[in-house]
Structures are given as C-alpha cells and as structure tokens.
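Novice: Its first residue numbered 3, the sequence shown is counted upward by one per residue in the working numbering. In this text, a Cβ means the ideal position worked out from N, Cα and C, and glycines have one as well.
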Amino acid sequence: MTAISDLARAYHFAAIRHLSQKRKGKAGEPYINHLTEVADLVAAATGGDDVEVVIAAVLHDVLEDTPTTYEELVAGFGARVAAMVAEVSDDKALPKAERKRLQIEHAPHLSHGAKLIKLADKTANLRSLKKSPPADWDAARIADYVAWALAVGEGLRGAHPGLEHLLAEAAAAMATPSV
C-alpha cells in the first residue's frame with residue numbers, strides 16, 4: 003500500500019464509523035467535517051511529511067465514539083497509528099469531569115504525534131463552538147470549555163508553535179461576538 007491509499011482508507015473507515023454522528027452545535031454538521039479539519043491542521047503542521055500522524059488525526063475519535071477496537075486499528079492501520087489514536091482517546095466509562103482532568107494530566111506525556119492531534123482537535127473544537135455552539139450551552143459552559151481547552155493546551159507547549167498559536171487564536175475569538 004502507498005501512503006495516499008492508506009490515508010484514503012482512513013477517511014473511508016472514519017466516514018463509515020461516524021456515519022450517523024453529528025456535531026453538537028446548532029448547525030448539526032456531519033461529524034466527518036471535524037475529522038477532516040483536524041487532519042488538515044495536522045497535515046499542515048507536519049508539512050505532509052508524516053502520513054501516519056495525519057491518518058491518526060482522521061481516526062482520532064473512532065475508539066471513544068464508535069465500536070471500533072484497538073485491535074482493528076492495529077490490523078488496518080498499524081501499531082503506531084493505533085497507539086496515537088489510543089493516546090488521544092478518552093475512556094468513556096469514566097465520569098466526564100474525570101476524563102477532562104485526565105486530559106490535562108496526560109497532555110505533557112503524549113507522544114509528539116498525539117500532541118499535534120490534541121492541539122488540532124482542541125483548535126477545531128473551539129472554532130466549531132464559535133461558529134455553532136450547542137443550543138443548550140450557556141455562556142458559562144462555553145467559558146468553562148475554553149478554559150479547559152487552554153489548560154490541555156498548556157500541557158502541549160513546545161509541540162508545535164504554529165498549532166499552539168492557532169489554539170490561542172481560536173480561544174481569543176471566543177471572547178468576540180459572533181457575526
């Protein structure tokens with residue numbers, strides 16, 4: 003297989019696994035839009051030189067949001083991709099507050115590729131929150147999410163200045179009124 007065919011397979015796999023999922027925002031965008039944005043940010047950050055990190059970015063939510071197993075990822079995309087996806091996946095059996103706390107705690111210890119994915123994911127989430135906040139989120143909940151995303155980002159310092167800047171920019175945009 004070639005890198006481009008592996009990446010195409012990853013997009014197809016993610017699209018099928020996330021088929022019925024929508025973003026939480028009022029617009030209800032297809033979930034695949036989030037995955038493509040995260041992968042695009044990671045591809046730009048790596049200069050396209052590490053296709054496995056981009057593939058892991060495409061697949062970054064399949065373990066926590068679909069019935070996909072770690073073993074499936076290893077078999078389909080290799081041990082390195084599966085490991086990065088596992089690194090950025092929450093254990094949904096834990097309470098939400100604990101999952102959020104663990105993301106902050108684990109951020110500094112992620113592999114470099116996982117740090118890039120996490121930075122891109124938080125950036126994409128903040129951008130989405132700005133464009134289309136969930137209908138049931140008030141200003142306080144949004145502010146809490148922004149503060150938490152920045153706390154996770156603090157643990158990723160030094161991974162990629164460009165992605166770190168984009169995260170800070172997305173957080174700052176949350177303070178300005180939507181158009």
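1. Is residue 37 closer than 8 angstroms to residue 60 when the C-beta atoms are compared?
2. Please classify residue 117: does DSSP put it in a helix, a strand, or coil?
3. Hey, quick one: how far does the alpha helix (DSSP H) through residue 81 stretch, first residue to last?
4. Given a threshold of 16 other Cβ atoms within 10 Å of its Cβ, counted over all protein chains shown, does residue 178 qualify as buried or as exposed?
5. Using a threshold of 8 angstroms, state whether the C-beta atoms of residue 64 and residue 70 are closer than that.
6. Hey, how far is the Cα of residue 120 from the Cα of residue 90?
7. Just grab the DSSP bridge partners of residue 98 for me.
8. Apart from the five residues on each side of it in sequence, which residues of its chain come closer than 7 angstroms, Cβ to Cβ, to residue 13?
9. What residue range is occupied by the uninterrupted alpha helix (DSSP H) comprising residue 48?
Specialist: Judging by the given coordinates:
1. Yes, Cβ-Cβ distance for residue 60 and residue 37 is below 8 angstroms.
2. Residue state, collapsed to three classes: helix.
3. Taken as a continuous stretch (DSSP letters only), the alpha helix (DSSP H) holding residue 81 covers 81–89.
4. It is exposed - the Cβ of residue 178 has fewer than 16 other Cβ atoms within 10 Å.
5. Result yes, Cβ atoms of residue 64 and residue 70 sit closer than 8 angstroms.
6. Computed Cα separation, rounded: 7 angstroms.
7. Residue 98 is not bridged to any residue.
8. Excluding sequence neighbours, residue 13 sits near 60.
9. Taken as a continuous stretch (DSSP letters only), the alpha helix (DSSP H) holding residue 48 covers 33–48.
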